[in-house]
Amino acid sequence: MVAAQSIFLQQTLPKMTSTPLNAPMTDIWTTLPPEVESMIITEAALVPLQAHFYLRYGQRCVQAMDSQQWDAFKTALSISKSTRKAALKAVREIGSIEDAVIARSDHTPYRRQPSNALLSHFTLLCRSMPFRLEYIDRASRSFFFPTTLDQRYPDANIRLYIPFPHAGSAQRLVRVDIESHNDVLRHLQDQEMQRRVAHWAKRASYGSWAFCVLQPGGGPKRDPSVSFPGEIAELRSMFRWVKK
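With this note's numbering applied, the sequence shown covers 26 to 269.
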């Protein structure tokens with residue numbers, strides 16, 4: 026599919042010519058067929074975006090990670106009305122932002138905070154972590170006790186998805202992707218699935234207010250993990266295997 030798109034673009038795009046440095050960037054878009062223009066802009070809009078959701082003096086803050094990718098997304102929204110419409114449609118249907126945990130020294134408050142208007146276009150927020158179980162003590166040290174399932178799928182990773190934290194949105198788990206070379210779900214029994222989801226949800230609550238249920242005053246609750254279905258059939262329906 027990627028190779029076919031590349032060949033199609035090579036055949037359709039105009040030949041490269043010397044362009045003055047002061048030429049408007051939008052000129053090239055006026056010569057492209059609408060379907061090619063829409064394809065390019067949509068792919069640019071769906072470039073994985075990362076942000077860090079952290080608390081600062083009780084205030085919920087969002088710091089954009091990799092400003093170049095965020096700038097590319099904003100550019101995709103400003104080229105024309107048609108490309109903006111195509112990009113926003115793609116973002117609302119399948120677009121998500123990844124919640125990245127970073128060191129405290131990497132915080133740059135108020136300098137790279139996306140606007141609420143920009144964030145309002147997204148519907149999902151995800152968090153990545155290893156599939157394996159890691160037990161964390163009170164001193165935040167990780168102790169890894171590999172199970173048979175962990176040893177069988179050492180390369181597996183998971184992504185937890187929640188509704189993007191807009192005003193009034195519930196903090197609950199809505200999707201779980203397992204990325205691995207082989208299908209883990211065939212060997213993931215019901216009880217083990219419930220145990221791992223509870224563990225992943227608790228891990229996701231560390232270092233992120235988005236995956237942490239907060240009290241009215243702003244601090245995390247005693248059990249800050251986001252909720253997930255108790256019925257195993259509903260829980261299993263949220264899982265999806267993504268082949269690496």
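In this text, a Cβ means the ideal position worked out from N, Cα and C, and glycines have one as well.
Would residue i pass as a contact of residue j if the rule is Cβ separation under 7 Å?
i      : j      : result
Ser262 : Ser230 : no
Ser153 : Ala181 : no
His334 : Ile122 : Nothing about residue 334 can be reported from this structure: the residues present for the chain run from 26 to 269 only.
Tyr186 : Cys237 : no
Tyr178 : Val199 : no
Ala112 : Ala97  : no
Gln93  : Leu74  : no
If you compare alpha carbons, which of the options is closest to residue i?
i      : options                        : result
Ser252 : Gln75, Ile183, Ala226, Leu213  : Ala226
Ala223 : Ala235, Lys268, Val201         : Val201
Arg109 : Val238, His146, Arg157, Asp175 : His146
Phe156 : Leu149, Lys246, Leu143, Asp175 : Asp175
Leu234 : Gln196, Asp91, Ala111          : Checking the sequence shown, residue 234 turns out to be Trp, not Leu. Among Gln196, Asp91, Ala111, the Cα nearest to that of Trp234 is on Gln196.
Asp124 : Lys268, Leu144, Asn207, Pro254 : Leu144
Leu158 : Leu149, Thr148, Ile183         : Ile183
Val116 : Cys86, Ile104, Leu149, Trp266  : Leu149
Ends of the alpha helix (DSSP H) at residue i?
i      : result
Arg261 : 257–262
Ala4   : Absent from the structure is residue 4, since the part of the chain shown begins at 26 and ends at 269.
Gln176 : 173–177
Ser107 : 106–119
Leu144 : 141–144
I'd like to confirm something about residue i: is its beta-carbon nearer than 6 Å to some heavy atom of the ligand COA, or not?
i     : result
Ser92 : The model on display carries no ligand, and the ligand COA is accordingly not part of it.
Let's see if you can read the secondary structure: which residues bound the beta strand (DSSP E) around residue i?
i      : result
His224 : Not the beta strand (DSSP E): His224 falls in the alpha helix (DSSP H), residues 215–229.
Asn182 : 182–188
Quick one: any contact between the stretch 137–145 and the stretch 169–187, if contact means 3 or more CB pairs under 8 Å? Per the Cβ contact rule, the stretch 137–145 is not in contact with the stretch 169–187 (fewer than 3 Cβ pairs under 8 Å).
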